[in-house]
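To start, the structure under review is shown below, and the notes come after it.
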Amino acid sequence: MDCDVLIVGAGPVGSFAAETIAASGFKVVILEEHKTIGEPLQCAGLISPRAVELAGVGRDIVINEIRGLRVFSPLGGSLHAESNQVFSLAVDRALLDQKLAERAENAGALLLTKTRVTGLEPVKEGYHATAVRDGRTINIKARLVIGADGIASKTAQWLGLGHKNPRAVMYSAEIKLPRNNTASVDVFLGHEFAPGWFGWLIPLDENTCRVGTGCAFMENHPPPRYYFEKMAGVFPEIFNGLKVLRYTGGSVPLGPMPKIFTSHAMLVGDAASQTKPISGGGIYTGLRAAQICAETAVGALMEEDLTENRLYHYQEQWNKEMGGELNRAMGYRKSFLNLSDKNIDLLIRFLNKPMWLNTILHYGDIDYPSRLALKMCLLNPLARVFFRNAGQTTTPSFPTVKTNSDSKHPAQKID
Ligand SMILES: Cc1cc2nc3c(=O)[nH]c(=O)nc-3n(C[C@H](O)[C@H](O)[C@H](O)COP(=O)(O)OP(=O)(O)OC[C@H]3O[C@@H](n4cnc5c(N)ncnc54)[C@H](O)[C@@H]3O)c2cc1C
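Per our numbering, residue 5 is the first one in the sequence shown, and the count goes up by one each step.
This is the structure we're talking about:
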């Protein structure tokens, strides 16, 4: 089989990129190893209204609207901010993936499920991929390969772009639990039950919630379920009586990858570590990256120039748009990692005042958390102490893109 573009993985990001490229008239093949799109589910499904709009999938994926936030410290402090404005949405994540895959097919992409890509070889003017479907080997030649195969991306390794990013490993589940307030999400902070991460509870309705916690990946860490049981023990008034309906855990990559393109190939979504370092959310960032990746692909295919120097514009554009935000978020994460449980408690109690709660509600944005941080720094010099690390990392730590070229002007170098 020959195609213009082979996309490895039919997660939301791969399908979203496929739709744009196929709609421009190019022959696109998407290979997905699982039988059912969106399954197994590994997500808490909390995204911004902006992300739903960007995906263009309509409101029927929305299960619950979130207007508030409660934050709990392990030492008793808490805050609760709630407004009339919807700031995030609990969505049916499998349905989101299915709708995007269907749109990609409607745009002309060929989607093969139960088909696992097993290798990639560079050939003249592209790549030769092998895949396994129903025990049979399939061979595909593609001018361009897009690796959208998630956190454990094999495509990244085959292309020589693999990178050991930090990760958060999570226990996550859908549970049965009676809940009075269905408009606020809960966030639980504490090193005992969420070392280097946070716990969460997202209400879906009066009887069902999504919950989880996790840890920053370290060698020999206990299973994430251990942390969840600890967290439930610390907050019995919230978690007592829960019944797990299904497990939805997994890992997210954190922080930028040095390079996400090469000649005739690009990485996108979790495969390119395009997630938000504070929350681990990767749907909004992944969809936006898919747009940039697809636009670059269409331009490069039309110009018949799939060299590294042409595809370089993908990472350049991505860095320009999201690099500053993600870099600052890595800084906030660093600041947070340095806080003891006592300081977390002090911070939560300090913020539990009308001025701060209103500021959180007004400027809080789950896709762009640095906007709130900036406002807090302007309002109170004390906040600057907490965000100091973030200030220090605003520019230098996001990677400078390097092609294989020695030239200072990559566009001048022809592969
Ligand atoms: C516990 C948890 C909770 C999360 N909660 C949220 C949240 O609330 N909000 C949010 O925005 N984000 C959340 N995320 C992150 C979000 O799920 C990811 O960022 C998102 O799924 C990335 O999409 P993707 O398409 O890049 O990758 P994926 O969704 O991982 O899709 C990759 C696809 O590639 C396929 N694949 C892999 N290898 C191959 C192969 N060799 N051949 C063929 N197919 C292959 C896989 O089967 C998969 O379908 C969460 C993640 C976890 C683990």
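Every residue, glycine too, gets a C-beta built ideally from N, C-alpha and C. Small disclaimer: the values here were computed from a predicted structure and weren't measured.
Quiz item: Cβ of M270 within 7 Å of any heavy atom in ligand 1?
Solution: Here residue 270 refers to the residue found at position 266 of the sequence shown. No; taking the cut-off as 7 Å, the Cβ of M270 has no heavy atom of ligand 1 nearer than that.
Quiz prompt | C7 vs I150 beta-carbon contact at 8 Å | solution = Translated into positions along the sequence shown, residue 7 becomes position 3. Translated into positions along the sequence shown, residue 150 becomes position 146. Going by C-beta atoms, C7 is not nearer than 8 Å to I150.
Self-check item: Collapsed DSSP secondary structure at V9 in the structure displayed
Solution: Working through the sequence shown from its first residue, we reach residue 9 at position 5. DSSP places V9 in strand when its eight states are reduced to three.
Quiz item: Would you say the beta carbon of Y288 comes nearer than 7 Å to a heavy atom of ligand 1?
Solution: Counting from one through the sequence shown, the residue named residue 288 turns up at place 284. Under cutoff, so the answer is yes.
Quiz prompt | Contained beta strand (DSSP E) runs [length at least 3] in the segment 138 to 199, N- to C-terminal order | solution = 140 to 151, 171 to 180 and 188 to 192
Quiz item: P240 to E233, Cα distance in whole Å?
Solution: Your numbering for residue 240 matches position 236 in the sequence shown. Your numbering for residue 233 matches position 229 in the sequence shown. Approximately 10 Å between the Cα atoms of the pair.
Quiz item: Since G273 and A146 are thought to touch, with beta carbons under 8 Å apart, how far apart are those beta carbons, to the nearest angstrom?
Solution: For the purposes of this step, residue 273 is taken as residue 269 along the sequence shown, with counting starting at 1. For the purposes of this step, residue 146 is taken as residue 142 along the sequence shown, with counting starting at 1. Between A146 and G273 the Cβ distance is about 18 Å, and since that is not below 8 Å, they are no contact.
Quiz item: To which residues does DSSP link P126 through a beta bridge?
Solution: Stepping through the sequence shown from its first residue, residue 126 is reached at position 122. P126 pairs with Y131.
Quiz item: Going by other Cβ atoms of all chains shown within 10 Å of its Cβ, with 16 needed for buried, is K128 buried or exposed?
Solution: If you number the sequence shown from 1, residue 128 lands on position 124. Counting Cβ neighbours within 10 Å, K128 comes out exposed, since fewer than 16 surround it.
Self-check item: CB-CB length for A275 against G154, believed under 8 Å
Solution: Translated into the one-based positions of the sequence shown, residue 275 becomes position 271. Translated into the one-based positions of the sequence shown, residue 154 becomes position 150. At roughly 6 Å, the Cβ-Cβ gap stays under 8 Å, so A275 and G154 are in contact.
Quiz item: Based on Cα-Cα distance, which residue from Y231, I34, M174 and R74 lies nearest to T252?
Solution: Residue mapping note: residue 252 aligns to position 248 of the sequence shown, counting from 1. Comparing Cα positions, the closest option is M174.
Self-check item: Ordered list of alpha helix (DSSP H) runs contained in the segment 232 to 309, each at least 4 residues
Solution: 240 to 243 and 287 to 306
Quiz prompt | alpha helix (DSSP H) segment containing R332, residue limits | solution = By 1-based counting over the sequence shown, the position of residue 332 is 328. Where R332 is concerned, the enclosing alpha helix (DSSP H) stretches over G328 to L341.
Self-check item: P174 Cβ short of 7 Å to ligand 1 heavy atom set
Solution: Reading the sequence shown from its first residue, position 170 is the one you call residue 174. The question names Pro, but residue 174 is Met in the sequence shown. Yes, since a heavy atom of ligand 1 falls inside the 7 Å radius drawn around the Cβ of M174.
Quiz item: Cβ of A294 within 8 Å of Cβ of F20?
Solution: If you number the sequence shown from 1, residue 294 lands on position 290. If you number the sequence shown from 1, residue 20 lands on position 16. Their beta carbons are under 8 Å apart, which means A294 touches F20 by this criterion.
Quiz item: According to the Cβ coordinates, are I25 and V32 closer than 8 Å?
Solution: Translated into the one-based positions of the sequence shown, residue 25 becomes position 21. Translated into the one-based positions of the sequence shown, residue 32 becomes position 28. Yes, the Cβ-Cβ distance between I25 and V32 is below 8 Å.
Self-check item: Integer-rounded CB distance, given that L365 should sit under 8 Å from L83
Solution: As a position in the sequence shown, residue 83 is number 79, starting the count at 1. As a position in the sequence shown, residue 365 is number 361, starting the count at 1. Actually they are not in contact, since the Cβ atoms of L83 and L365 sit about 11 Å apart, beyond 8 Å.
Self-check item: Inter-residue CB distance, F202 and F76 (contact presumed, cutoff 8 Å)
Solution: Walking along the sequence shown from the start, residue 202 turns up at place 198. Walking along the sequence shown from the start, residue 76 turns up at place 72. No, F202 and F76 are not in contact; Cβ-Cβ is about 10 Å, not under 8 Å.
Quiz prompt | Candidates A160, I65, N169 and A113: closest to M222 by CA position | solution = To locate residue 222, count along the sequence shown from 1; it is residue 218. The residue with the shortest Cα to Cα distance from M222 is N169.
Quiz item: Between the Cα of D369 and the Cα atoms of I34, R71, D349 and G259, which residue gives the shortest distance?
Solution: As a position in the sequence shown, residue 369 is number 365, starting the count at 1. Considering only alpha carbons, the answer is R71.
Practice problem: Kindly list the residues whose CB is nearer than 8 Å to the CB of M359, restricted to its own chain and excluding five residues on each side of it in sequence; keep chain order. | Solution: Taking the first residue of the sequence shown as 1, we reach residue 359 at position 355. Excluding residues within five positions, the ones whose Cβ falls inside 8 Å are L383.
Quiz item: What do you reckon, are the CB atoms on A22 and I34 nearer than 8 Å?
Solution: Residue numbering aside, residue 22 sits at position 18 when the sequence shown is read from its first letter. Residue numbering aside, residue 34 sits at position 30 when the sequence shown is read from its first letter. For A22 and I34, yes; Cβs fall inside 8 Å.
Quiz item: DSSP three-state call for C381: helix, strand or coil?
Solution: If you number the sequence shown from 1, residue 381 lands on position 377. The answer is helix: DSSP assigns C381 an H, G or I state.
Quiz item: Is any heavy atom in ligand 1 found nearer than 7 Å to the beta carbon of R120?
Solution: The sequence position of residue 120 within the sequence shown is 116, counting from 1. Within the cutoff, so yes.
Self-check item: Extent of the continuous beta strand (DSSP E) run through N68
Solution: Locating residue 68 in the sequence shown gives position 64, where the first residue counts as 1. It spans V66 to I70 - the beta strand (DSSP E) in which N68 sits, taken as one unbroken run.
Quiz item: So which of P199, T217 and G200 has the shortest CA-CA distance to I206?
Solution: What you label residue 206 is simply residue 202 of the sequence shown in a count that begins at 1. Comparing Cα positions, the closest option is T217.
Exercise. Please say whether P257 and R171 have beta carbons closer to each other than 8 Å?
Key: Taking the sequence shown and counting its residues from 1, one reaches residue 171 at position 167. Taking the sequence shown and counting its residues from 1, one reaches residue 257 at position 253. Cβ atoms of R171 and P257: closer than 8 Å.
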